[in-house]
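In the UniProt record's numbering, the protein residues as written are 1 to 370.
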């Protein structure tokens, strides 16, 4: 049973870092450049601080519901209806993310190495890995995340070292980019870039203590914020605005500019390995949690029979957008604009309601198996 599996801080933090930083390898740097211009890195720092404040609020309220995930709390507040409603919201949210990410990564693999291969075949390559990982369950996915994160981080650092000669400090000016209002007021909904933290609200039954929950959340947001900030900063230093809004594969573009002489060529191959490994883990995590949440929401005995049908849906939805640019538009205009509601707004409102009910009852709800 999944409820008997317990993870520590390192494994859980690694899992969340993969979920929140994988976007760095696709369209994220371009998205930030479009939103804040030359001040993209300042926007990320601001959003990191904002995310930490929101998580602090949530974690303080979560202290009264140790071992409970967000679905359990939904049931505590609204009974079966509350459980089903919260579960469906999470499923819909993840079912929007998974096809988008699958299509984005597949399109980029097709452009880089498999330009004559049908996009459906490239997606099947990722899908088979997702299905296999989901069948094995959350434990091997999480353990493997702890192994792959240092490797991906090392590859990322190698790329940074390689593109240092391309840095131009004048690219950082004007310092406030598109303006203070765009960064600090209109930029608030962009806190959705940390939407991956929502997975932590499903993980309490797998964690050994509330302290693990709290510290894991802080560490994962801080470390993810650091990597995203560095990614946005080196992109701005290397490519001037507004040219930085034109590239569909920003980090790959940077990796291709590395030149270490005739004996060290095609350094971008290291980058490709790093983001393909991250993509496999990220997509596997999404698929697992879609079927896991579905199982828990509707109180099914097993989640494995759901893996293939859900995978077919993810594959089908991923084929709907007519182009990679359409996927980017949907992600930018819909997901990044509203994901914060599910990630931060829903838990805060739900936990406030649960605390009011607990106060009236005068007791903390008893823990139960997930």
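By construction, the Cβ of each residue, glycine as well, lies at the ideal position given by its N, Cα and C atoms.
Sorted by chain position, which residues of the same chain lie with C-beta nearer than 7 Å to residue i's C-beta, five sequence neighbours on each side aside?
{"i": "residue 158", "result": "270"}
{"i": "residue 315", "result": "123, 127"}
{"i": "residue 327", "result": "100, 103, 104, 321"}
{"i": "residue 310", "result": "287, 290, 291"}
{"i": "residue 332", "result": "31"}
Count the other CB atoms, across all protein chains shown, that sit within 10 Å of the CB of residue i; report buried if there are 16 or more and exposed otherwise.
{"i": "residue 312", "result": "exposed"}
{"i": "residue 325", "result": "exposed"}
{"i": "residue 352", "result": "exposed"}
{"i": "residue 370", "result": "With a pLDDT of 37 at residue 370, under the threshold of 50, the predicted position of this residue should be treated as unreliable, though the coordinate-derived value follows. Counting Cβ neighbours within 10 Å, residue 370 comes out buried, since at least 16 surround it."}
{"i": "residue 343", "result": "buried"}
{"i": "residue 63", "result": "exposed"}
{"i": "residue 347", "result": "buried"}
{"i": "residue 367", "result": "Bear in mind that a pLDDT of 45 at residue 367, under 50, signals an unreliable position, so the model cannot answer this."}
{"i": "residue 94", "result": "buried"}
{"i": "residue 297", "result": "buried"}
{"i": "residue 136", "result": "exposed"}
{"i": "residue 30", "result": "buried"}
{"i": "residue 339", "result": "buried"}
{"i": "residue 228", "result": "buried"}
{"i": "residue 23", "result": "buried"}
{"i": "residue 65", "result": "buried"}
{"i": "residue 360", "result": "exposed"}
So residue i and residue j are supposed to be a Cβ contact under 8 Å. How far apart are they, rounded?
{"i": "residue 16", "j": "residue 197", "result": "7 Å"}
{"i": "residue 69", "j": "residue 203", "result": "7 Å"}
{"i": "residue 280", "j": "residue 129", "result": "5 Å"}
{"i": "residue 249", "j": "residue 108", "result": "6 Å"}
{"i": "residue 239", "j": "residue 162", "result": "Not a contact, Cβ separation roughly 15 Å."}
{"i": "residue 141", "j": "residue 153", "result": "Contact flag wrong, Cβ pair sits at about 18 Å."}
{"i": "residue 218", "j": "residue 52", "result": "7 Å"}
{"i": "residue 190", "j": "residue 237", "result": "The Cβ separation is near 21 Å, so there is no contact."}
{"i": "residue 192", "j": "residue 335", "result": "7 Å"}
{"i": "residue 43", "j": "residue 183", "result": "5 Å"}
{"i": "residue 77", "j": "residue 307", "result": "Residue 77 to residue 307, Cβ: 30 Å. No contact."}
Would you say residue i and residue j are within 7 Å of each other, going by their C-beta atoms?
{"i": "residue 195", "j": "residue 37", "result": "no"}
{"i": "residue 125", "j": "residue 283", "result": "no"}
{"i": "residue 82", "j": "residue 75", "result": "yes"}
{"i": "residue 216", "j": "residue 21", "result": "no"}
{"i": "residue 146", "j": "residue 11", "result": "yes"}
{"i": "residue 40", "j": "residue 255", "result": "no"}
{"i": "residue 73", "j": "residue 350", "result": "yes"}
{"i": "residue 25", "j": "residue 275", "result": "yes"}
{"i": "residue 91", "j": "residue 71", "result": "no"}
{"i": "residue 98", "j": "residue 245", "result": "no"}
{"i": "residue 277", "j": "residue 148", "result": "yes"}
{"i": "residue 214", "j": "residue 27", "result": "no"}
{"i": "residue 48", "j": "residue 225", "result": "yes"}
{"i": "residue 234", "j": "residue 151", "result": "no"}
{"i": "residue 35", "j": "residue 212", "result": "no"}
What residues are listed by DSSP as bridge partners for residue i?
{"i": "residue 207", "result": "7"}
Return the chain-ordered list of same chain residues with a C-beta closer than 6 Å to the C-beta of residue i, the five sequence neighbours on each side being excluded.
{"i": "residue 295", "result": "303"}
{"i": "residue 176", "result": "39"}
What does a CB cutoff of less than 8 Å around residue i pick up in its chain, not counting 5 residues either side in sequence?
{"i": "residue 199", "result": "15, 16, 19, 285, 289"}
{"i": "residue 6", "result": "206, 207, 208"}
{"i": "residue 113", "result": "272"}
{"i": "residue 57", "result": "348"}
Run the proximity test for residue i: is its beta-carbon closer than 6 Å to any non-hydrogen atom belonging to the ligand COA?
{"i": "residue 130", "result": "This structure simply doesn't include the ligand COA, nor any ligand for that matter."}
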